[in-house]
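Asker:
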Amino acid sequence: MKYELFDYQEEAKAATLRALSAMARAYSDDPEERGAFVLAAPTGAGKTVIATAVIEAALDGDETTPGIEDSTFLWVTDDPSLNRQTLQKMVAASSSLAPNRLITIESDFDQEILDPGRVYFLNIQKLGSTNTLSKSNIDGRRYSFWETLANTVRKRPYGFVVVVDEAHRGLSTARDSRNTIVSRIIGGGTNGASSGPEVPAVWGISAVPRRFREEMAQRGRTIRSHSVAVEDVRASGLLKDQIVLGHTKGIEAAESTLLRRAVEKIREYEARWSDYCTTTGESRVDPILVVQIEDKPSSKDLSGIVGTVLEEWPTISPHNIVHTFASHAVEKVGTHHISYCPPEDIEGRQDIRAVLCKTAITTGWDCPRAEVLVSMRVARDVDLITQIMGRMVRTPLARRVVTDESLNTVYCILPKFDEKAVDQIAQKFEEGSEESLAGGTAVITSPVELSRNPMLEGATSRGTRLQEITGEPASGGTDDQSDSDFWIDQEQDAPQHGAPETQAASGSASPLSVTPTRKTTSQVTPDLFGELESTQSVAPQGDDDVFRLLESLPSYTIPRRIRRSGIFRLASLSVLLAEKHDGKAIEPSATRQAKNELLAVVETFRANLEARGDLDPRIESVTNTQFFERTVSFGTPTANPHESQTLIELDNRGIYMLMERAKRLLPEGLAMEYVGRLAEADDDVTDAMITTIALAQDPELPRLIEERASQLVATWLQKHSSAITRLSPADQEKFDRIRRESDRPLPTTFSLPNMRTEDAEGTEWERHVLSDSSGIFRATFAEWEEYALREELSHDAVAWYRNPAGGQHSLQIPYVTVDGIKGLSPDFIFIHRVRGRLRASLIDPHGTHLADAVPKLQGLAKYAEAHAEEFQRIQSVAKVDGSYLMINHQDPATREAVKTYSGTDAAEIFRIHGSDY
26 MKYELFDYQE EAKAATLRAL SAMARAYSDD PEERGAFVLA APTGAGKTVI ATAVIEAALD
86 GDETTPGIED STFLWVTDDP SLNRQTLQKM VAASSSLAPN RLITIESDFD QEILDPGRVY
146 FLNIQKLGST NTLSKSNIDG RRYSFWETLA NTVRKRPYGF VVVVDEAHRG LSTARDSRNT
206 IVSRIIGGGT NGASSGPEVP AVWGISAVPR RFREEMAQRG RTIRSHSVAV EDVRASGLLK
266 DQIVLGHTKG IEAAESTLLR RAVEKIREYE ARWSDYCTTT GESRVDPILV VQIEDKPSSK
326 DLSGIVGTVL EEWPTISPHN IVHTFASHAV EKVGTHHISY CPPEDIEGRQ DIRAVLCKTA
386 ITTGWDCPRA EVLVSMRVAR DVDLITQIMG RMVRTPLARR VVTDESLNTV YCILPKFDEK
446 AVDQIAQKFE EGSEESLAGG TAVITSPVEL SRNPMLEGAT SRGTRLQEIT GEPASGGTDD
506 QSDSDFWIDQ EQDAPQHGAP ETQAASGSAS PLSVTPTRKT TSQVTPDLFG ELESTQSVAP
566 QGDDDVFRLL ESLPSYTIPR RIRRSGIFRL ASLSVLLAEK HDGKAIEPSA TRQAKNELLA
626 VVETFRANLE ARGDLDPRIE SVTNTQFFER TVSFGTPTAN PHESQTLIEL DNRGIYMLME
686 RAKRLLPEGL AMEYVGRLAE ADDDVTDAMI TTIALAQDPE LPRLIEERAS QLVATWLQKH
746 SSAITRLSPA DQEKFDRIRR ESDRPLPTTF SLPNMRTEDA EGTEWERHVL SDSSGIFRAT
806 FAEWEEYALR EELSHDAVAW YRNPAGGQHS LQIPYVTVDG IKGLSPDFIF IHRVRGRLRA
866 SLIDPHGTHL ADAVPKLQGL AKYAEAHAEE FQRIQSVAKV DGSYLMINHQ DPATREAVKT
926 YSGTDAAEIF RIHGSDY
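Note that this note's numbering has the sequence shown beginning at 26, numbered continuously upward.
1) Could you tell me which residues DSSP pairs with residue 804 in its beta bridges?
2) Alpha carbon to alpha carbon, how far is residue 914 from residue 950? Give it in angstroms, no decimals.
3) If you draw a straight line from the C-alpha of residue 932 to the C-alpha of residue 259, how long is it?
4) Hey, how far is the Cα of residue 333 from the Cα of residue 342?
5) How is residue 280 classed by DSSP in three states: helix, strand or coil?
6) In terms of DSSP beta bridges, what is residue 315 paired with?
7) Does the stretch 232-244 touch the stretch 727-743, meaning 3 or more C-beta pairs lie closer than 8 angstroms?
8) Under a three-way DSSP split, which group does residue 145 fall into?
9) Are the stretch 867-874 and the stretch 848-858 touching, with three or more C-beta to C-beta distances below 8 angstroms?
10) Are there three or more Cβ pairs, one per stretch, closer than 8 angstroms when the stretch 876-896 is compared with the stretch 917-931?
11) So for residue 476, helix, strand or coil by DSSP?
12) Would you list, in sequence order, the uninterrupted beta strand (DSSP E) runs of no fewer than 3 residues that lie entirely inside the stretch 139-183?
13) Note the first and the last residue of the continuous beta strand (DSSP E) segment covering residue 9.
14) Jot down the residue ranges of each uninterrupted beta strand (DSSP E) in the stretch 227-289, minimum 3 residues, whole runs only, in chain order.
15) Would you give the residue range spanned by the alpha helix (DSSP H) that residue 100 belongs to?
16) Taking C-alpha atoms, which residue in 229, 247 and 711 lies nearest to residue 58?
17) Helix, strand or coil for residue 796, going by three-state DSSP, please let me know.
18) Based on Cα-Cα distance, which residue from 743, 160, 46 and 770 lies nearest to residue 132?
19) With DSSP collapsed to three states, give me the class of residue 422.
20) DSSP state of residue 780, grouped into three classes?
21) The beta strand (DSSP E) that contains residue 676, what's its start and end?
22) I need the straight-line Cα distance from residue 282 to residue 374, nearest angstrom please.
23) Closer than 8 angstroms by C-beta to residue 289: which residues in its own chain qualify, once you throw out the five before and the five after it? Chain order, please.
24) Residue 581 by DSSP, collapsed to three states: which one?
25) Would you report the Cα separation of residue 178 and residue 143, rounded to the nearest angstrom?
26) Could you have a look at residue 712 and say whether DSSP puts it in helix, strand or coil?
27) In the DSSP assignment, the beta strand (DSSP E) including residue 362 goes from what residue to what residue?
28) For residue 771 versus residue 718, is the C-beta distance shorter than 7 angstroms?
29) Determine, using beta carbons only, whether residue 149 comes closer than 7 angstroms to chain D.
30) I need the straight-line Cα distance from residue 125 to residue 346, nearest angstrom please.
31) For the beta strand (DSSP E) containing residue 62, name the first residue and the last one.
32) With H, G and I counted as helix, E and B as strand and the rest as coil, what does DSSP make of residue 976?
33) Count the other C-beta atoms from every protein chain shown that fall within 10 angstroms of the C-beta of residue 897, then say buried if there are 16 or more, exposed otherwise.
34) Look up residue 823 in the DSSP assignment and say whether it is helix, strand or coil.
35) In three-state terms, what does DSSP make of residue 834?
36) How big is the Cα-Cα spacing for residue 627 and residue 636?
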């Protein structure tokens, strides 16, 4: 695969391969056994990418799968454009599925049997009764497709799979019904009086699998299934986070004005994408405006729409506007000619900047560049609008944009919708709709743009803004204790409070300078935070501010559920280090170094075996095998059988078969590289292969190589961390994904967004690090969260940050549950001025009722033990028995008690070890 799969995609791939193998084995054991597998995945999950990974592994095998012998896939849809789009995506995603292995079945297709190692794409309309594909002995045709299908099932059913894309369509729900073409393909094709056998294995792919599952059950098939959770898709960054809905509460006279507003918005997207791509070096993203019009627009209305778009967007021409109308012809609009474009081709054409459509563009419509929709439909057309928007929520870069979160938003303008109709759309996207989009998308109806709080931009060592915010002098030179030192007194009452004061940054005499410190490896506790060093050493200099302080705080990667081996992680890391970023590689020889390090492990292992005298016997066991013979006397069952054994030498074919296994045990070309080093001449290759096979068969060697590879990954990530942090966000994410593939959390940092779109609803708050132009942040909090927030602000917090639940803008802390390692996102980070210096505090209002409340407290306690010096306070707050209590994780005794607590009642921890907050 050219793409690295996300966790949920790896899980779906593994589940699908298990199901296909199980169906093949079941049919081999019992020819009456028929199976069906359902892959249920929401829109935007990357179903084609998952399918490509599955087919690659089934046809050719991979590091985890030996492959399925004689695999053949018949990919069935009811739309030719969908087949074309799928084929194109497979070619783009696969590293081994060349175009000659992806075959579109046309009307002239004529084969006795489908070939192994191929993927065939069939549009069922070609099997209509009038199409020659469904007939034999016509126009020189020898076999109808029905006969080809039947022959394939009869002659080599093992590994033959029918894939039904969009599986909720084209199936009859009646028992024994063969009245749809898809049903006939699955249940046995017909050609006149003859009928074919049922296919042994069916794989259905759909966002709405209920109908397909019911049909398979009615046919008596054994059903297996795997579902992709929408929260996993959203967490991956493949879907945009927000949808902004703009409307005028149904005032139709504003149509033209709002169309101009839509063009204004798409031009804003254009400018922001240009800035982002120029800054980061990403490939250019040209956003698209979608204009959805009524079914029968007048020539005047259509001309007005096109004229307005061209007038407000002077950098485009009629050539950049296309339509998707059913006419499929060039449309004359006023003095302009607007061309037709098939929906599946829009994304690939960079010249297209605006699309005119009528009803929903669903089949084949997959265009992440579509950023703004203005719909002239009326309120009763809610479904038609949500279906289009459901196809617009994919992110153009297949990941979130970190620095400008407004680029993770879809903008929709509805001139003819009143507030009630807008609420309907919002509800569909928040709760989910079977035919459009899985739920969970944040819907914004009163958008406000947030950026770095301008009231905090002067919160530096000069203190000019600090005095404006807190009403206090910036200098810490006075002997009078101000209210901002409240927390010092509070912590002095504790048995042992957190961090001692750190010195000001070198060369700065400012009392407000920020100098975060890091613990050395020897100071960090073992387990989650053990044997690790920080990703980077942060020592801000000069006029430091709250933003830099926040971004210097230690965060951790949370290990992926599906982890690649250390060898594959090292291979990926070495490639990233060796490739050029902005014209320069971090470590040009990384790939050679990695291979040399692992080959050294192999050579040391061989030398040790040789020194012990164990190598030659192992080599002999590879080249020879015992052949056993038993002789029995016919008709004399009481006679003792005669047994003999002979040592026979494997031929070259046997050696090559064993070498294939060795390649899987020593992957990434390691086995053949070692063969090359042992073989000084061509005549020595076979001997070198035998030695390599003998070494690979010892389970100790793969374990040692894996251990060394994992060590190198951790060492190199640490060694090059400073250089990695200077890369573009896209390149940094590639390295972070390798970090997350570790079997343990690794140190990293988090970043603050430069821009974000939020809803202008909720309570107004000051001093948040992100705000509107007036310094205001709006949000609604739970009771205990708001209590903690007001308490901190009342004690003169300079700034605060609402830590999001996940992503690159979230400070993450690992904690352990029965399901593995998960991530805690403490609710708030506060910045106070303490004795003239800016200091951060983690405050986490804690729900004691949650099932993982105790593990979260313990994770926070372990984090505090590792990073006490970097925070003024680390506290959990909860409302217990009507009172707000606080756990002080900076107190070693309290911390130890929390870590060793063996119960399940988080409230009990607060009662015993908490104090008034």
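Even glycine gets a Cβ: it sits at the ideal position worked out from N, Cα and C.
Answerer: With the structure as the only source:
1) Mapped onto the sequence shown, residue 804 falls at position 779. Answer is 788, bridged to residue 804.
2) Any question about residue 950 goes unanswered here, given that the chain covers just 26 to 942.
3) Here residue 932 refers to the residue found at position 907 when the sequence shown is read from its first residue. Here residue 259 refers to the residue found at position 234 when the sequence shown is read from its first residue. If I take the Cα positions, the gap works out to 32 angstroms.
4) For the purposes of this step, residue 333 is identified with residue 308 of the sequence shown, where counting begins at 1. For the purposes of this step, residue 342 is identified with residue 317 of the sequence shown, where counting begins at 1. Going by the C-alpha atoms only, they are around 12 angstroms apart.
5) Here residue 280 is taken as the residue at index 255 of the sequence shown, counted from 1. Three-state result, residue 280: helix.
6) On the sequence shown, position 290 is the one that residue 315 refers to. Paired residue(s): 380 and 398.
7) no
8) Along the sequence shown, one-based indexing puts residue 145 at 120. Three-state DSSP puts residue 145 in a strand.
9) yes
10) yes
11) Start at 1 with the first residue of the sequence shown, and residue 476 comes out as number 451. Three-state DSSP puts residue 476 in a strand.
12) 143-148
13) As shown, the chain starts at 26 and ends at 942. That puts residue 9 outside it, with no answer to give.
14) 247-252 and 267-272
15) What you label residue 100 is simply residue 75 of the sequence shown in a count that begins at 1. Counting along the chain, residue 100 falls outside any alpha helix (DSSP H), though it belongs to the beta strand (DSSP E) covering 97-102.
16) Residue mapping note: residue 58 aligns to position 33 of the sequence shown, counting from 1. Comparing Cα-Cα distances from residue 58 to each of 229, 247 and 711, the minimum goes to 247.
17) Indexing the sequence shown from 1 puts residue 796 at position 771. Of the three classes helix, strand and coil, the one that applies to residue 796 here is strand, per DSSP.
18) For the purposes of this step, residue 132 is identified with residue 107 of the sequence shown, where counting begins at 1. Of the candidates 743, 160, 46 and 770, the one whose C-alpha sits nearest the C-alpha of residue 132 is 160.
19) Within the sequence shown, numbered from 1, the residue matching residue 422 stands at position 397. The answer is coil: DSSP assigns residue 422 none of H, G, I, E or B.
20) The count along the sequence shown starts at 1 and reaches residue 780 at position 755. The answer is strand: DSSP assigns residue 780 an E or B state.
21) Sequence index remark: in the sequence shown, residue 676 carries index 651 (1-based). Looking at the DSSP string, residue 676 is not in any beta strand (DSSP E), and its letter there is neither H nor E.
22) Residue 282 sits at position 257 when you count from the first residue of the sequence shown. Residue 374 sits at position 349 when you count from the first residue of the sequence shown. Rounded to the nearest angstrom, the two C-alpha atoms are 29 angstroms apart.
23) The residue labelled residue 289 in the question sits at position 264 within the sequence shown. Same-chain partners within the cutoff: 337.
24) For the purposes of this step, residue 581 is taken as the residue at position 556 of the sequence shown. Looking at residue 581 - three-state DSSP - the assignment turns out to be strand.
25) Along the sequence shown, one-based indexing puts residue 178 at 153. Along the sequence shown, one-based indexing puts residue 143 at 118. Computed Cα separation, rounded: 15 angstroms.
26) Residue 712 sits at position 687 when you count from the first residue of the sequence shown. In this structure, residue 712 counts as helix in the three-state DSSP scheme.
27) Taking the first residue of the sequence shown as position 1, residue 362 is located at position 337. From DSSP, the beta strand (DSSP E) with residue 362 extends over 361-365.
28) By 1-based counting over the sequence shown, the position of residue 771 is 746. By 1-based counting over the sequence shown, the position of residue 718 is 693. No.
29) Absence of chain D from the displayed structure is noted, only one protein chain being present.
30) In the sequence shown, counting from the first residue as 1, residue 125 sits at position 100. In the sequence shown, counting from the first residue as 1, residue 346 sits at position 321. Approximately 35 angstroms between the Cα atoms of the pair.
31) Taking the first residue of the sequence shown as 1, we reach residue 62 at position 37. First-last of the beta strand (DSSP E) with residue 62: 60-65.
32) No information on residue 976 is available, as it lies outside the stretch 26 to 942 that the chain covers here.
33) The residue given as residue 897 occupies position 872 in the sequence shown. It is buried - the Cβ of residue 897 has at least 16 other Cβ atoms within 10 Å.
34) Within the sequence shown, residue 823 is the residue found at index 798, counting from 1. Of the three classes helix, strand and coil, the one that applies to residue 823 here is coil, per DSSP.
35) In the sequence shown, counting from the first residue as 1, residue 834 sits at position 809. Coil, per DSSP.
36) Walking along the sequence shown from the start, residue 627 turns up at place 602. Walking along the sequence shown from the start, residue 636 turns up at place 611. Spanning the two alpha carbons is a distance of roughly 14 angstroms.
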